[in-house]
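Undergrad:
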Amino acid sequence: MNTWPGPENSWDGVGAYFTWAGSSGMLVLISLVSAAICLGVIIAAARHESEVSGKTE
773 MNTWPGPENS WDGVGAYFTW AGSSGMLVLI SLVSAAICLG VIIAAARHES EVSGKTE
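FYI, the numbering for the sequence shown is 773 to 829, going by our numbering.
#1: Give the DSSP-derived three-state secondary structure of M773 in the structure shown.
#2: For A817, does the three-state DSSP call read helix, strand or coil?
#3: Reducing DSSP to helix, strand and coil, say where A793 ends up.
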């Protein structure tokens, strides 16, 4: 049986560093920020493509 990382490197108390992990509000916030970033990239790409296609005609 693999004992790495061993008792001296256990995950006991790690919850103190990730107290936001159980929060549904933080999950919603991260999801909304991610969606806004994706939407911003799509809008910027669409604007750029329409600008470039207008110059080539």
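Glycine included, each C-beta is placed from N, C-alpha and C at the ideal position.
TA: Judging by the given coordinates:
#1: Unreliable positioning characterises M773 in this predicted model, as indicated by a pLDDT of 49, which lies under 50. The coordinate reading is nonetheless provided below. Coil, per DSSP.
#2: helix
#3: coil
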